[in-house]
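A.B. asks:
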Amino acid sequence: MRGNKLMKRVYVNEAWCLGCHLCEYNCAFANSGLSDMALALKGKPIYPRIHIEEAGKICYAVSCRHCEDPMCVRSCIAAALSKKDGVVCIDRDRCVSCYTCVLVCPYGALAPGASGVMQKCELCLENSCGAPACVAGCPNRAIVYEERGEVQ
Amino acid sequence: MKHYVIIGNGVAAAGCIEGIRSIDRETPVTVVSEERHAVYCRPLISYYLEGKTDPARMAYRGADFYERMGADVRYGRKAVRIDPEGKEVLLDDGTALPYSALCIAAGSSPFVPPFRGLETVQNRCSFMTLDDALLLERMIAPESRVLIVGAGLIGLKCAEGLSGRVAEITVCDLADRVLSSILDAECAAMMQAHLEQHGIRFFLKDSADRFDGQTAYMKSGAEVTFDVLVLAVGVRANTSLLKEIGGEVNRGILTDEQMRTSVPDIYAAGDCTEGMDRSIGQRRVLAILPNAYMQGHAAGVSMAGGQERFDKAIPMNSIGFFGLHAMTAGAYEGEMYEEKTAHSLKRLFTKDGLLKGFILIGCDERAGIYTSMIREQTPLSSVDFELLRKAATTAAFPASERRKKFGGVV
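Residue numbers (the working numbering), protein chains in the order written: chain A, 904 to 1055; chain B, 531 to 940.
#1: Got a sec: does the ligand HEM put a non-hydrogen atom nearer than 7 Å to the Cβ of B:E580?
#2: Run through chain B and tell me which residues come within less than 9 Å of A:P1042, C-beta to C-beta.
#3: Please check if any C-beta of chain A sits within less than 8 Å of the C-beta of B:S902.
#4: Is the beta carbon of B:G624 less than 8 Å from the beta carbon of B:Q825?
#5: Quick one: using the 10 Å Cβ neighbour count with 16 as the cut-off for buried, is B:M588 buried or exposed?
#6: At 8 Å on the CB atoms, spell out the chain A contacts of B:L574, in chain order.
#7: At 3 residues or longer, and completely inside the region 797-860 of chain B: list those beta strand (DSSP E) runs for me, N to C.
#8: Per DSSP, what kind of secondary structure is B:E618 in: helix, strand or coil?
#9: Less than 8 Å between the beta carbons of A:M974 and A:V999, yes or no?
#10: At 3 residues or longer, what runs of the beta strand (DSSP E) sit wholly inside the region 931-1005 of chain A?
#11: As a quick exercise: from B:D736, B:I775 and B:A719, pick the residue whose alpha carbon is nearest that of B:V619.
#12: Report the neighbours of A:C1008 on chain B: residues whose CB is nearer than 7 Å to its CB, in chain order.
#13: Does the beta-carbon distance from A:P1042 to A:L925 come in below 8 Å?
#14: Tell me which same chain residues have a C-beta within less than 6 Å of the C-beta of B:A631, skipping the five on either side of it?
#15: Only counting the same chain, and skipping five residues up and downstream in sequence, which positions put a Cβ closer than 7 Å to that of B:F936?
#16: Where DSSP assigns a beta bridge to A:M1021, which residues make up the other side?
#17: CB B:I634 to CB B:L784, shorter than 8 Å?
#18: Any beta-carbon of chain E closer than 8 Å to the one on A:V915?
#19: My assumption, with CB atoms under 8 Å, is that B:G892 sits in contact with B:L917. Please give the rounded CB distance.
#20: Touching or not, the region 741-749 of chain B and the region 713-728 of chain B, by the rule of three or more beta carbon pairs under 8 Å?
#21: Are the beta-carbon atoms of B:S848 and A:C1001 separated by less than 8 Å?
#22: Spell out whether any CB of chain A is found under 8 Å from the CB atom of B:L819.
#23: Please give the ranges of any beta strand (DSSP E) in the region 615-670 of chain B, keeping only runs that are unbroken, at least 3 residues long and fully inside the region.
In structure tokens form, the structure reads like this:
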């Protein structure tokens, strides 16, 4: 039932992240709409919706936090971003690439895709995976998809 | 009887309606809308000219918004007076709307200086509303020469929107640089050069002394002939309704953090208000869409008896022209850190152990990390600023902070 369901999110445990960047490839593949990974990614620049932050010995994956009170949604000048059932979604047909969401997201979780239109993690609910591909493919279980608090 | 009234029907009003309804599903809401359009994304009017959007996609909310929210909109009506004793808003058709709580979300209006001979110009418009954009579109033809007075955000977005649809675009401004409200001289010069590469012609430190038909006689002595004139000199907050009844007004309507004005039961939100700029600790008009929504929402919640504060406001803008983006936030004071390439310019300003402001041109990746540091007043001593100034990264925050951000609900 809506209203009292716990919200599943992607969480990262940086102690377990190997910095292998597989999540980025799995993300780009999951959102490519293609069924062959080599065809989707080989020799092309990739535009994943998750990225690895690296500094010295630190590395960990960052994707949309689906904030309780998302600055990006409140700031979008095109009303392209909205929150539906706990998921911050983007209507890419409305986006005019003004980058206001990039200016306000405190996590750096939005970036333009190949066409210049913004894209962001929608938990693979909008593609054929149905659940985050980054989590499924993480070899060290550093990225997990689980409920930790927020009620939907 | 309880009744909410909102003057204005822009994004602040939409925020106000949603704020009210997050608390109170019952009390009637009446919206006074001078424009005959449902709430739309006002900053998109230049993108409309550019063909990147259309009126259907410009709607800020779905077609059933007002019905779903139980809000009655009086289109084409103007609020002419507030009676704070009788608690009524008087409209231009003689209607009196009683209110128990009122929100002034009246926005701003184009400021048109008293140019001599302006009345002799047949094809002229401002560039603030969807109707302005539609009018401008009707006035232009592929062979048109357009003169835009004002090289600020509005004038230049208009220029970009018109590019490719008209023969010639000239922009003049009294200021010595483009985007003078958000860019310093060097950054402005970079943006100007980019705009010039795309065919926009500038007359800076210059403006029209007088107009005669299709000619602008400039203060410098130059003459500019044009077919269409766009006036984008600046805007003024619409404060008169509150000022007339003795409410506190400066350049915008003054409010507290719950968006209450100095008059009981009257709130204000959006471009008509003056807010506290956290980056300088002083009040100023912060007329940007994110603030309009958040102020409106806070006002709505407060009107309905809830608690929501609008604070941590800073000036911030993300604006691009022909593929080159400029992002700015906060105040440009203190020590400057700079990185420059042929195509990008990054300036970070630090003072008193805090990041105070930035200008980023052509290097906007993850800029929101910087913005949040200004907004949250993150002490630089708590982060690895050496790392951060090279690239915006949350890896520069302490491990405990990272665990909170990426391992918890935010």
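Where a beta carbon is used, it is the ideal one built from N, C-alpha and C, also for glycine.
Since the model is a prediction, treat every value here as computed from it, not as a measurement.
C.D. replies: The answer reads as follows:
#1: Absence of the ligand HEM is noted for the structure shown, with no ligands found whatsoever.
#2: The premise fails here: A:P1042 is roughly 19 Å from chain B at the closest Cβ pair, so nothing lies under 9 Å.
#3: Answer yes: the Cβ-Cβ gap between B:S902 and chain A drops below 8 Å somewhere.
#4: no
#5: buried
#6: I980, A981 and V999
#7: 803-807, 812-814, 846-851 and 854-860
#8: strand
#9: no
#10: 954-958, 961-965, 984-987 and 990-993
#11: B:I775
#12: Residues of chain B whose Cβ lies closer than 7 Å to the Cβ of A:C1008 are, in chain order, G898.
#13: Yes.
#14: Y534, D795 and M833
#15: Answer for B:F936: no residue qualifies.
#16: A:P1015
#17: no
#18: Considering every chain present, this structure includes no chain E. Its protein chains are A and B.
#19: B:L917 and B:G892 do not touch by the CB rule: their CB atoms are close to 21 Å apart, not below 8 Å.
#20: no
#21: Yes, the pair counts as a contact, with Cβ atoms nearer than the cut-off.
#22: yes
#23: 618-621, 626-628, 631-634, 638-640 and 654-656
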